[in-house]
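Below you'll find the structure, written out as C-alpha cells, and then a few comments.
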Ligand code: UD1
Ligand code: MG
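Numbering (the working numbering), first residue to last: 47 to 386.
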C-alpha cells in the first residue's frame, strides 16, 4: 500500500530523567545503535510522504546523530509533554490533510511490518484516531487503556493519574498513534494540563475524541515485546537483549551453531557462513565476514575482520582489522606456567 499521504512524527525532545544521564535518552544505544535509529529504521521502509522528528533537550546532538536520515526537525523548546511536542509541529503540518503517524523515539523494538499493518488498519477502517495497544504482565509506568462495556476505548490514563482500580488494567498504550491531522490539532488545542505532571498529554486526545462522539479505533499488537518503551537503564538492557536475540535467530536460521546464544554478542554487521560454531562469551563486532565451518572458541573478541572458511580460533584471541585465510588456526592465547 502507498502511504505517501501520511506524515510520520517521532517524538524525541524529552530529557529522559529516569535514565539518570547527561545524554539525551533517545541516543542511548541498544544493540549498537541509538534507540532512535532503531525507530527510524523501522519507519523508513514504510515510505511515508514525509517524516519529522521533534527535538528539544540537547537537540544538536540528536539532530547530528540523525543527519543521514531523510527527515526534517521541529524544535520543542520546552518539554511540556507529549501533546505539547506534537503541537510544536502544527506550523510545519498546516498544509497537511490526512493521517499523521506518531511514534516515540524510545520504543526501539517496533517492527516495520507492525507499522504497515497499523497504517493499513487505520486506512481500511476510515478511522480518525487509531491507538496501538497491547497487554503486558507488568503494566507499571505505561498509560492504561480504559474501555467501556463493549470493549471500546474511552480514554488513556497515565500511571501517575490512575486510580488503584485503573492500575490493575493490563492493556496499555504503546505510544503509537495514527490521527487525522485536522482532528489532531483541533483536539490538542483543547487538551489541558490538569494532571499529576502538569503536562499536555497527547493521550488526552482519546477522551476528547470519545467526548465528541468519534469512535477511537484500537489496533491490538499481539507481540507485546515490540511495544517496550525504554525509560530506564533496565529497560535499555531489555531492549538490547531482544534486538540481539532477533539477530542471533537469523544466524541460527541460516545454519550457524551458537552453543549458548544468551552468552554471545554479535553485531548485525557480522555475517557468518553455515556450519560455523560459536562458543559462549564471544563478542563479534564491526563489519566482519566470517566464513563457513569456522570454529570460534570461548572468550574471543573479533572486530572488523575477515575470517576465511574452516578457520579455528582459540580462546582469548583478540582480532582487530585482521584477515585470516581459510584453513588456518589461530592458537589460543595461553600462558605457560611451569609447575614445580
Ligand atoms: C508515554 C505515554 C504512555 C505510553 C508510553 C509508551 C503520554 C502522556 N504517555 O509515556 O501513555 O504508555 O509513552 O511508551 O504520552 N517527549 C517529547 N517532549 C516532551 C515529552 C516527551 O518529545 O515534552 C518524547 C520523549 O523524548 C519520548 C516520548 O516523547 O521519546 C515519550 O515520552 P516519555 O516521557 O518517555 O513518556 P512515557 O512516560 O513513557
Ligand atoms: Mg517512554
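No residue lacks a Cβ here, since even glycine has one placed at the ideal position from N, Cα and C.
For residue 140, count neighbouring Cβ atoms within 10 angstroms of its own Cβ and tell me buried if that reaches 16, exposed if not.
Along the chain shown, read from residue 1 onward, the residue named residue 140 stands at position 94. Exposed: under 16 other Cβ atoms inside 10 Å.
Pick out whichever of 252, 360, 113 has its Cα sitting closest to the Cα of residue 323.
Against the chain shown, residue 323 aligns to sequence position 277. Taking only the C-alpha atoms, the option nearest residue 323 is 360.
Residues near residue 303 by beta carbon distance below 8 Å, same chain, minus five either side
Looking up residue 303 in the chain shown gives position 257. Result list for residue 303: 321, 322, 323, 324, in chain order.
Just reading off the beta strand (DSSP E) that residue 217 is part of, what are its end residues?
As a position in the chain shown, residue 217 is number 171, starting the count at 1. Unbroken beta strand (DSSP E) run through residue 217: 217 to 226.
Mind pulling the beta strand (DSSP E) runs of 3 or more residues that sit fully within the stretch 143 to 185?
If we require 3 residues or more, the beta strand (DSSP E) runs fully inside the stretch 143 to 185 come out as 145 to 150, 175 to 181.
Within 9 Å, strictly: CB atoms of residue 181 and residue 222:
Within the chain shown, numbered from 1, the residue matching residue 181 stands at position 135. Within the chain shown, numbered from 1, the residue matching residue 222 stands at position 176. No. Outside cutoff.
Are residue 57 and residue 155 closer than 9 Å when you measure CB to CB?
As a first step, residue 57 is located in the chain shown; it is residue number 11 there, counting from the start. As a first step, residue 155 is located in the chain shown; it is residue number 109 there, counting from the start. Between residue 57 and residue 155, the CB-CB gap reaches or exceeds 9 Å.
Tell me whether residue 100, by its Cβ, gets closer than 8 Å to a heavy atom of the ligand MG.
Counting from one through the chain shown, the residue named residue 100 turns up at place 54. Remark: the shortest separation between the CB of residue 100 and any heavy atom of the ligand MG does not fall under 8 Å.
So, does the CB of residue 224 fall closer than 9 Å to a CB anywhere in chain C?
Looking for chain C here will not work: only one protein chain is present.
Nearest neighbour of residue 134, chosen from 224, 261, 171, 248 [CA to CA]
Residue numbering aside, residue 134 sits at position 88 when the chain shown is read from its first letter. By alpha-carbon distance to residue 134, the top candidate from 224, 261, 171, 248 is 248.
To the nearest angstrom, how far is it from the Cα of residue 87 to the Cα of residue 200?
In the chain shown, residue 87 corresponds to position 41, counting from 1. In the chain shown, residue 200 corresponds to position 154, counting from 1. If you take the alpha carbons of residue 87 and residue 200, they lie about 32 Å apart.
Residue closest to residue 206, alpha-carbon to alpha-carbon, out of 145, 188, 226, 72:
To locate residue 206, count along the chain shown from 1; it is residue 160. Nearest of 145, 188, 226, 72 to residue 206, Cα basis: 188.
The ligand UD1 heavy atom lying under 8 Å from the CB of residue 71
Reading the chain shown from its first residue, position 25 is the one you call residue 71. Yes.
The alpha helix (DSSP H) that contains residue 276, what's its start and end?
Residue mapping note: residue 276 aligns to position 230 of the chain shown, counting from 1. No alpha helix (DSSP H) contains residue 276, which DSSP labels as neither H nor E.
Taking the DSSP output, what are the residues bridged to residue 376?
Here residue 376 corresponds to residue number 330 of the chain shown, with the count starting at 1. Looking at the DSSP assignment, residue 376 forms a beta bridge with 359.
Any heavy atom of the ligand MG within less than 5 Å of residue CB: hits in chain order:
Having a Cβ closer than 5 Å to some heavy atom of the ligand MG are 152, 275, 277.
Should residue 122 be listed as close to the ligand UD1, given that the test is whether its C-beta is under 8 Å from any heavy atom?
Against the chain shown, residue 122 aligns to sequence position 76. Result yes, Cβ under 8 Å from the ligand UD1.
Could you tell me whether any non-hydrogen atom of the ligand UD1 is closer than 8 Å to the CB of residue 126?
Against the chain shown, residue 126 aligns to sequence position 80. At least one heavy atom of the ligand UD1 is nearer than 8 Å to the Cβ of residue 126, so yes.
Distance, Cα to Cα, residue 113 vs residue 121?
As a first step, residue 113 is located in the chain shown; it is residue number 67 there, counting from the start. As a first step, residue 121 is located in the chain shown; it is residue number 75 there, counting from the start. C-alpha separation (whole angstroms): 15 Å.
What three-state label does DSSP hand residue 213 in the structure shown?
Locating residue 213 in the chain shown gives position 167, where the first residue counts as 1. Three-state DSSP puts residue 213 in a helix.
Report the rounded CA-to-CA distance for residue 340 versus residue 67, giving the unit in angstroms.
By 1-based counting over the chain shown, the position of residue 340 is 294. By 1-based counting over the chain shown, the position of residue 67 is 21. Rounded to the nearest angstrom, the two C-alpha atoms are 40 Å apart.
DSSP-derived helix/strand/coil call for residue 206
Indexing the chain shown from 1 puts residue 206 at position 160. Judged by DSSP in its simplified three-state form, residue 206 adopts helix.
Could you check what DSSP says for residue 264 in three-state terms: helix, strand or coil?
As a working note, residue 264 is residue 218 in the chain shown. In the structure shown, the three-state DSSP call for residue 264 is strand.
Pair every Cβ in the stretch 95 to 107 with every Cβ in the stretch 164 to 184, then say whether three or more of these pairs are closer than 8 Å.
No: the two stretches stay apart, fewer than three of their Cβ pairs being nearer than 8 Å.
Can you check whether the CB of residue 177 is closer than 9 Å to the CB of residue 202?
Position 156 of the chain shown, counting from 1, holds the residue named residue 202. Position 131 of the chain shown, counting from 1, holds the residue named residue 177. Yes. Within cutoff.
In the DSSP assignment, the alpha helix (DSSP H) including residue 101 goes from what residue to what residue?
Counted from its first residue, the chain shown places residue 101 at position 55. DSSP places residue 101 in no alpha helix (DSSP H) but in the uninterrupted beta strand (DSSP E) bounded by 94 to 101.
Output the distance between the C-alpha atoms of residue 264 and residue 254, rounded to the nearest integer angstrom.
Numbered from 1 along the chain shown, position 218 holds the residue referred to as residue 264. Numbered from 1 along the chain shown, position 208 holds the residue referred to as residue 254. If you take the alpha carbons of residue 264 and residue 254, they lie about 15 Å apart.
Across the stretch 363 to 383 and the stretch 333 to 350, are there enough close Cβ pairs to call them in contact, namely three or more that are closer than 8 Å?
These segments touch.
Throw me the rounded Cβ distance for the residue 111 and residue 80 pair, which I believe falls under 8 Å.
Within the chain shown, numbered from 1, the residue matching residue 111 stands at position 65. Within the chain shown, numbered from 1, the residue matching residue 80 stands at position 34. The Cβ separation is near 6 Å, so the contact holds.
Quick one: does the C-beta of residue 247 sit closer than 8 Å to a heavy atom of the ligand UD1?
As a first step, residue 247 is located in the chain shown; it is residue number 201 there, counting from the start. Remark: the shortest separation between the CB of residue 247 and any heavy atom of the ligand UD1 falls under 8 Å.
For residue 300, I'd like the list of residues in its chain whose CB is within less than 7 Å of its CB, leaving aside the five on either flank, ordered along the chain.
What you label residue 300 is simply residue 254 of the chain shown in a count that begins at 1. Here the set comprises 320.
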